[in-house]
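For reference, the structure is listed below as structure tokens.
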Ligand code: BG6
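In our numbering, the protein residues as written are 20 to 294.
Pasting the structure below:
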């Protein structure tokens with residue numbers, strides 16, 4: 020464990036590594052296979068969001084009038100509230116928190132606490148994401164877990180559970196379309212916000228042929244993103260040749276905001292299973 024990284028370890032080949040900058044999960048090794056993608060050009064300078072793993076977007080997904088794109092959570096150092104603890108049965112759990120502070124108040128003048136609890140199991144990991152309004156006024160936010168999956172060839176990876184759903188296509192002027200494919204695969208710059216998605220997606224052909232199941236609670240939207248060749252070249256913290264090796268399948272509450280009254284909580288979660 021280095022000063023800014025926390026490791027939840029079940030065994031030498033099953034572990035989760037969390038960087039305190041953004042509480043970004045930067046590695047999930049499941050029985051020896053790395054499931055998450057992190058760019059070789061990610062800066063890790065504690066200024067720019069980590070390019071890969073699972074950055075947390077809060078209190079905004081996307082461009083923001085009050086602060087940086089995707090909010091401040093992914094570019095703020097979180098507190099480890101509970102260090103990795105082995106539970107009966109061998110699962111390992113750790114808790115990270117983010118509270119309002121002088122910096123967050125300059126952008127978003129609200130009192131809040133985000134509690135992010137990560138539990139590593141044998142072939143899955145569970146993220147519980149809770150936002151409390153600790154202030155005196157109601158506030159609204161959007162939130163998303165920006166999961167970068169490692170794939171061997173993105174054109175051969177498929178995502179289930181999207182057929183018949185409406186999506187906003189960010190590469191086609193934000194127009195809304197309806198998905199007609201049973202299994203979605205990508206072959207171009209892809210940036211779609213699918214709305215009212217089911218509680219699970221099966222992603223085939225992740226990393227070395229693995230299947231990943233993403234189960235979500237209270238996160239009604241799913242963003243599917245890959246910058247493809249041209250956009251990848253324009254990104255300073257992403258290798259030109261890396262786009263075929265990653266696919267973002269992002270669970271969020273983004274197409275409509277959540278509003279929380281003082282004292283109220285928003286409770287959401289994601290479970291990722293690797294088979
Ligand atoms: C996705 C968005 O979630 O994140 C894209 O839908 C965006 O529009 C991408 O380009 C990456 O964002 P960033 O700020 O990490 O470069």
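All C-beta atoms, glycine included, are put in the ideal place defined by N, C-alpha and C. Remember, predicted model here, so these are calculated numbers, not experimental data.
Integer Cβ distance of residue i from residue j, believed to fall under 8 Å
i, j, result
"residue 111", "residue 27", "4 Å"
"residue 159", "residue 277", "7 Å"
"residue 91", "residue 123", "6 Å"
"residue 230", "residue 220", "Residue 230 to residue 220, Cβ: 11 Å. No contact."
"residue 67", "residue 256", "6 Å"
"residue 173", "residue 65", "Contact flag wrong, Cβ pair sits at about 29 Å."
"residue 215", "residue 239", "6 Å"
"residue 286", "residue 237", "6 Å"
"residue 208", "residue 249", "7 Å"
"residue 179", "residue 202", "6 Å"
"residue 225", "residue 176", "6 Å"
Other residues of its chain near residue i: CB distance less than 6 Å, five sequence neighbours each side excluded
i, result
"residue 163", "76, 80, 269, 271 and 273"
"residue 130", "119, 153 and 154"
"residue 134", "116 and 149"
"residue 114", "100, 101 and 136"
"residue 140", "110"
"residue 181", "198, 203 and 213"
"residue 247", "207, 208 and 262"
"residue 267", "167 and 244"
"residue 98", "116"
"residue 242", "212 and 269"
"residue 34", "26, 28 and 48"
"residue 289", "146, 164, 235 and 270"
7 Å Cβ shell around residue i - same chain, five flanking residues per side excluded
i, result
"residue 282", "152"
"residue 191", "none"
"residue 23", "38, 39 and 40"
"residue 51", "32"
"residue 83", "90"
"residue 58", "70, 71, 256, 257, 258 and 261"
"residue 106", "112"
"residue 63", "69"
"residue 61", "69, 70, 71 and 256"
"residue 284", "149, 150 and 151"
Distance cut-off 7 Å: residue i Cβ against heavy atoms of ligand 1
i, result
"residue 267", "yes"
"residue 189", "yes"
"residue 88", "yes"
"residue 220", "no"
"residue 210", "yes"
"residue 165", "yes"
"residue 244", "yes"
"residue 68", "yes"
Own chain residues within Cβ distance below 8 Å of residue i, not counting five before or after
i, result
"residue 197", "183, 184, 185 and 186"
"residue 86", "79, 126 and 127"
"residue 188", "194, 195, 196, 210 and 211"
"residue 94", "40, 41, 66, 67, 68 and 87"
"residue 55", "44, 45, 46, 47, 71, 72, 73, 166, 167, 168 and 169"
"residue 294", "142, 229, 230, 231 and 232"
"residue 218", "234, 235 and 236"
"residue 227", "52 and 171"
"residue 200", "181 and 182"
Which ranges does the beta strand (DSSP E) cover as unbroken runs of at least 3 residues, wholly within the segment 43-105, from first to last along the chain? You should have 43-49 and 98-105.
Identify every run of the beta strand (DSSP E) within the segment 165-202, keeping only runs that are complete inside it and at least 3 residues long; order them along the chain. 167-169, 177-179, 185-188 and 194-197
At which residue ranges does the segment 203-267 contain complete alpha helix (DSSP H) runs of 4 or more residues, listed in the order of the chain? 247-253
At 3 residues or longer, and completely inside the segment 133-169: list those beta strand (DSSP E) runs for me, N to C. 143-152, 158-164 and 167-169
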